[in-house]
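Single-structure report; data block below.
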Ligand SMILES: Cc1cc2nc3c(=O)[nH]c(=O)nc-3n(C[C@H](O)[C@H](O)[C@H](O)COP(=O)(O)OP(=O)(O)OC[C@H]3O[C@@H](n4cnc5c(N)ncnc54)[C@H](O)[C@@H]3O)c2cc1C
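Residue numbers (this note's numbering): 41 to 597.
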């Protein structure tokens with residue numbers, strides 16, 4: 041299979057070569073790069089902005105692993121399967137929970153400093169859906185920043201890892217057999233590597249993170265525009281579970297018209313005993329679930345949204361006043377500072393919160409070794425769907441998934457290299473040219489796509505709301521086509537490429553969410569409020585039709 045569609049872009053003006061090209065520099069991408077190096081392969085990491093500019097550095101709560109006394113991978117597996125609401129791939133989860141503890145130890149050996157008690161043991165906290173304290177954290181609530189710091193320091197000192205920052209990857213390149221052979225990218229640089237170029241490689245790893253930016257309100261940074269999923273679709277790869285977007289229950293509510301990345305009040309704050317209360321001070325989670333505020337995220341997000349509707353309010357509150365100043369300062373220094381910067385002091389006042397898009401449980405479908413349906417194209421981290429999260433991710437399983445499956449990809453590449461199955465590849469230039477160029481929407485389309493998605497495919501979904509969203513998205517696509525026909529196309533540049541990726545991912549997400557006529561995990565249909573195992577205990581597999589439209593097909597049961 042070769043790439044069927046590509047973003048409209050100038051022909052590459054420069055080329056480079058490596059063994060393994062990794063797209064993205066979060067926990068997943070950097071872990072792949074460091075580990076393929078150990079197998080004697082050269083790695084090139086290309087990343088859209090600076091190295092630590094992804095979701096990884098924003099992760100607060102921590103990383104889940106059965107490290108504590110009395111905890112076992114089996115118990116971690118049970119909690120993960122419950123959160124996943126019948127759609128987890130049990131073998132993938134088993135891999136995660138059994139390989140997880142050692143993967144965390146290897147991360148510590150790489151230099152990440154986790155919080156420890158006076159006895160030197162790693163401190164563990166609890167988060168929603170976990171029946172045990174098993175979340176390791178760093179810097180109190182700055183776990184991702186510490187992981188990112190340690191991994192960035194490690195790749196910077198490895199001469200076998202080439203780093204290209206400010207490089208937006210556009211599309212996959214294949215050889216004449218349809219095997220991944222490299223990629224095209226746009227570098228905002230100077231000198232030889234400036235503008236659109238091509239990197240030739242023996243294998244390509246997508247580690248591009250999430251897609252939260254398809255919604256107006258999200259905890260994800262600006263770079264999380266779903267580029268990896270869009271690239272994979274254009275390359276003919278299968279993606280799955282796109283409808284399962286986790287909405288974090290407690291981002292800081294900063295006003296009715298807030299857009300873009302919102303500050304997060306970590307679940308760990310509830311883990312340490314903060315209460316969710318409504319405007320009257322009533323703890324509305326008590327009696328709704330045995331774990332009350334620590335119920336799985338979808339349950340908490342739904343309960344908050346329901347209560348907001350009942351009370352005609354646009355936010356609820358998280359009350360951690362009983363922690364006292366000292367605990368806030370030592371356990372949650374970042375959150376405390378962020379709240380205070382927004383004029384709220386959690387020591388003396390409840391924190392206003394409202395749900396926002398947080399995590400993509402679905403993504404590019406992979407097997408247990410991170411291989412996608414396109415040979416030589418791998419995916420790991422949030423862009424991938426390994427089957428670990430099912431219909432809903434258990435809190436703090438994502439950093440762990442990024443680590444474990446990145447290591448597995450590196451192991452697969454090492455094995456193939458050792459077996460002589462990872463030869464240099466020659467790009468099929470004719471096939472790349474034959475791929476249909478996707479018309480680019482104008483950069484202003486980004487905000488419109490986000491509004492349509494938040495209104496039509498957010499925490500509350502129905503056939504009618506999603507039909508509205510789909511119609512709006514189709515109109516944006518039609519206008520982009522018309523502008524090409526009228527010879528007034530949008531300029532190919534970062535903003536319009538990102539808008540095209542957002543449009544494709546949003547369209548695919550809405551198509552899948554409209555098709556899944558049930559409520560499961562973090563997919564909540566108002567018009568189909570029950571879980572329907574008879575019809576829907578299966579995945580929707582999305583691919584791109586020849587027309588360029590995403591098509592979702594239910595997997596055989
Ligand atoms: C606020 C917040 C708090 C979180 N807290 C936790 C937590 O406590 N525990 C937990 O387990 N998970 C948490 N998560 C989720 C977790 O942080 C992410 O799922 C995880 O870090 C994703 O890692 P990644 O390596 O896949 O992607 P990222 O860290 O997002 O990195 C993606 C990389 O890809 C690059 N990229 C994207 N597109 C392109 C392109 N076209 N070309 C080139 N480069 C590209 C980006 O620039 C970036 O470098 C949190 C997420 C957020 C947003």
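Backbone N, C-alpha and C fix where the C-beta goes; we use that ideal spot for every residue, glycine too.
With a threshold of 16 other beta carbon atoms within 10 Å, residue 291 meets it and is buried.
Under the DSSP assignment, residue 445 falls in the alpha helix (DSSP H) whose first and last residues are 437-458.
CA-to-CA, the gap between residue 113 and residue 420 works out to about 21 Å.
Under the criterion of beta carbons closer than 8 Å, residue 236 and residue 50 qualify as touching, at roughly 5 Å. Here the alpha carbon of residue 456 sits roughly 52 Å from the alpha carbon of residue 360. Under DSSP, residue 84 takes part in a beta bridge, and its partners are 61, 202. Here the alpha carbons of residue 108 and residue 465 stand approximately 46 Å from one another.
By the CB criterion at 7 Å, residue 43 and residue 212 fall inside the cutoff. In chain order, 95, 260, 264, 399, 400, 422 place their CB closer than 7 Å to the CB of residue 250, counting only its own chain and leaving out the 5 sequence neighbours on each side. Between ligand 1 and residue 293, a heavy atom-to-CB distance of less than 6 Å is absent.
Residue 314 carries a coil assignment under DSSP once its states are collapsed to helix, strand and coil. In this structure, the alpha-carbon of residue 509 lies about 38 Å from that of residue 468. When the alpha-carbon of residue 254 is set against those of 242, 247, 269, the nearest one is in 269. The three-state secondary structure of residue 274, taken from DSSP, is helix.
In the three-state reduction of the DSSP assignment, residue 357 falls in the strand class, which pools E and B. When C-alpha distances from residue 536 are compared across 545, 103, 486, the shortest belongs to 486. The DSSP-derived three-state label of residue 583 is strand. Annotation for residue 281 indicates a beta carbon at 6 Å or more from all heavy atoms of ligand 1.
Straight across, the Cα-Cα distance linking residue 476 with residue 425 is about 26 Å.
Closer than 6 Å to some heavy atom of ligand 1: that does not describe the Cβ of residue 256.
Beta bridge pairing from DSSP links residue 154 with no other residue. Annotation for residue 123: 169, 336, 432, 434 place their beta carbon closer than 6 Å to its own, counting only its chain and skipping 5 residues before and after.
Going by beta carbons, residue 594 and residue 48 fall outside the 7 Å limit. Excluding sequence positions up to five before and after residue 185, its CB lies within less than 6 Å of the CB of 97, all in the same chain and listed in chain order. In this structure, residue 453 places its C-beta atom within 7 Å of the C-beta atom of residue 243. The three-state secondary structure of residue 227, taken from DSSP, is strand. Taking the Cα of residue 558 as reference, the smallest distance to any Cα among 518, 540, 501, 538 is reached at 501. The secondary-structure analysis by DSSP pairs residue 301 across a beta bridge with 258. At least one heavy atom of ligand 1 lies less than 6 Å from the C-beta of residue 208. Here residue 284 carries a coil assignment [DSSP, helix/strand/coil].
Exposure of residue 587 is indicated by the presence of fewer than 16 other C-beta atoms within 10 angstroms of its C-beta.
The three-state secondary structure of residue 96, taken from DSSP, is helix.
Between the alpha carbons of residue 146 and residue 165 lies a distance of about 20 Å.
The alpha-carbon of residue 451 is positioned some 28 Å away from that of residue 582. Counting only the Cα atoms, residue 560 lies some 11 Å from residue 281. If you look at residue 419, you'll find it in the beta strand (DSSP E) that goes 417-419.
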